[in-house]
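J.: Quick note, the sequences are listed as chains P and E, same order.
For what it's worth, my numbering labels the leading residue of the first sequence as 8, then goes sequentially.
For what it's worth, my numbering labels the leading residue of the second sequence as 8, then goes sequentially.
Cβ atoms here follow ideal geometry from the backbone N, Cα and C, with glycine treated the same way.
Dropping the structure in here first, questions after.
Number of protein chains: 2
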Amino acid sequence: MPEPALELLKGTLDLLILRTLELRPMHGSAIAERISQVTHGAFQVKAGSLFPALHRLEQEGWIEGEWRESKEGRRVRSYTLTRDGRRQLAVEKKTWARIVQATNALLESA
Amino acid sequence: MPEPALELLKGTLDLLILRTLELRPMHGSAIAERISQVTHGAFQVKAGSLFPALHRLEQEGWIEGEWRESKEGRRVRSYTLTRDGRRQLAVEKKTWARIVQATNALLESA
DNA sequence: CGGCGTTATATAGAATATCTATATTGGACT
DNA sequence: AGTCCAATATAGATATTCTATATAACGCCG
Chain P
8 MPEPALELLK
18 GTLDLLILRT
28 LELRPMHGSA
38 IAERISQVTH
48 GAFQVKAGSL
58 FPALHRLEQE
68 GWIEGEWRES
78 KEGRRVRSYT
88 LTRDGRRQLA
98 VEKKTWARIV
108 QATNALLESA
Chain E
8 MPEPALELLK
18 GTLDLLILRT
28 LELRPMHGSA
38 IAERISQVTH
48 GAFQVKAGSL
58 FPALHRLEQE
68 GWIEGEWRES
78 KEGRRVRSYT
88 LTRDGRRQLA
98 VEKKTWARIV
108 QATNALLESA
């Protein structure tokens, strides 16, 4: 049986979204789908978390949204990582690395 | 200069506390001090986070507190990991490993 | 002895982020 | 037209950490 999806650690969603948009511009639902695929279902970002987060990131100037027509003819809001967003992503990657390192130090300490 | 302390990701404090008590019984302030030392100051658990968390963990039956006299003659509440606490610690270790794995998958994906 | 600083614990209230549940829109398909 | 689904939106609930403040008890020092 597949492992159940995990609750996101509060504070990690920005990193997941920014990192996904680093690859290419994408609309909200596609971001969520890709996160689920790459993590083999471990992270399933809920719509009620995703869209407010996208609005927040856009407010911060880290992503830029634009209404488009998807291939299937749907109205979607496509998001692009901005220059500031790349900078922020770098910061969050470093922070994440420090968190993992510190936590592992604790888990492995004698 | 030393790196600044990190904000804790919400949801990780239980793991840090339970893991620390796995080594030996300890009182609250000693737990915080050890976490800070082992992580080289990356995690500095605030008193306002620590003590409510200890109460919560005791409510859950994962740790057991007992008033004692410390060597310095201070009144401290010493906490011991219970059997259920060990089980919970194992669960949280696995969850943490899955979170790290999933996040790394995302960060390293092409 | 009395004041002062320090350690240990406690707790209320603020801030923040995610989740649940519900709503709206527009297109496709019958 | 009616139904279904994908995509986006948002209000309210929940949970956890942080800030700020408080109390108690001990040691130190003038």
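Using the Cβ count rule (16 or more neighbours within 10 Å means buried), how would you classify T110/P?
T.: As a position in the first sequence, residue 110/P is number 103, starting the count at 1. That one is buried.
J.: Taking the straight line between their C-alpha atoms, what separation do you get for L16/P and S43/P?
T.: Taking the first residue of the first sequence as position 1, residue 16/P is located at position 9. Taking the first residue of the first sequence as position 1, residue 43/P is located at position 36. Going from the Cα of L16/P to the Cα of S43/P covers about 15 Å.
J.: Classify G35/E: buried if its beta carbon has 16 or more other beta carbons within 10 angstroms, exposed otherwise.
T.: Residue numbering aside, residue 35/E sits at position 28 when the second sequence is read from its first letter. When all chains shown are included, G35/E counts as buried.
J.: Can you tell me where the alpha helix (DSSP H) holding W103/E begins and where it ends?
T.: Sequence index remark: in the second sequence, residue 103/E carries index 96 (1-based). Residues 90-115.
J.: Assign M62/P to one of three DSSP states: helix, strand, or coil.
T.: Along the first sequence, read from residue 1 onward, the residue named residue 62/P stands at position 55. According to the sequence as given, residue 62/P is His; it is not Met. Looking at H62/P - three-state DSSP - the assignment turns out to be helix.
J.: In chain P, what lies closer than 7 Å to V45/E by C-beta?
T.: What you label residue 45/E is simply residue 38 of the second sequence in a count that begins at 1. Here the neighbours are A112, L113, S116.
J.: Check the Cβ of T87/P against every Cβ in chain E and list those closer than 9 Å, keeping chain order.
T.: On the first sequence, residue 87/P is found 80 positions in, with the first residue counted as 1. By Cβ distance, chain E contributes nothing, its closest Cβ being about 19 Å from T87/P, past 9 Å.
J.: Would W74/P be called buried (16 or more neighbouring beta carbons within 10 Å of its own) or exposed?
T.: Position 67 of the first sequence, counted from the start, is the residue given in the question as residue 74/P. Burial call: exposed.
J.: In the DSSP output, what is I70/P paired with across the bridge?
T.: Position 63 of the first sequence holds residue 70/P. I70/P is bridged to L88/P.
J.: With a 10 Å radius around its C-beta and 16 neighbouring C-beta atoms as the bar for buried, classify V52/P as buried or exposed.
T.: By one-based count along the first sequence, residue 52/P stands at place 45. With 16 or more Cβ atoms within 10 Å of its Cβ, V52/P is classed as buried.
J.: Reducing DSSP to helix, strand and coil, say where L13/E ends up.
T.: Taking the second sequence and counting its residues from 1, one reaches residue 13/E at position 6. In this structure, L13/E counts as strand in the three-state DSSP scheme.
J.: For a contact meaning CB atoms closer than 9 Å, what does L61/P contact in chain E?
T.: Within the first sequence, the letter at position 54 stands for residue 61/P. Chain E residues near L61/P: none, gap ~17 Å exceeds 9 Å.
J.: L88/P and L23/P - do their beta-carbons sit closer together than 8 Å?
T.: Indexing the first sequence from 1 puts residue 23/P at position 16. Indexing the first sequence from 1 puts residue 88/P at position 81. In this structure, L88/P does not lie closer than 8 Å to L23/P by Cβ.
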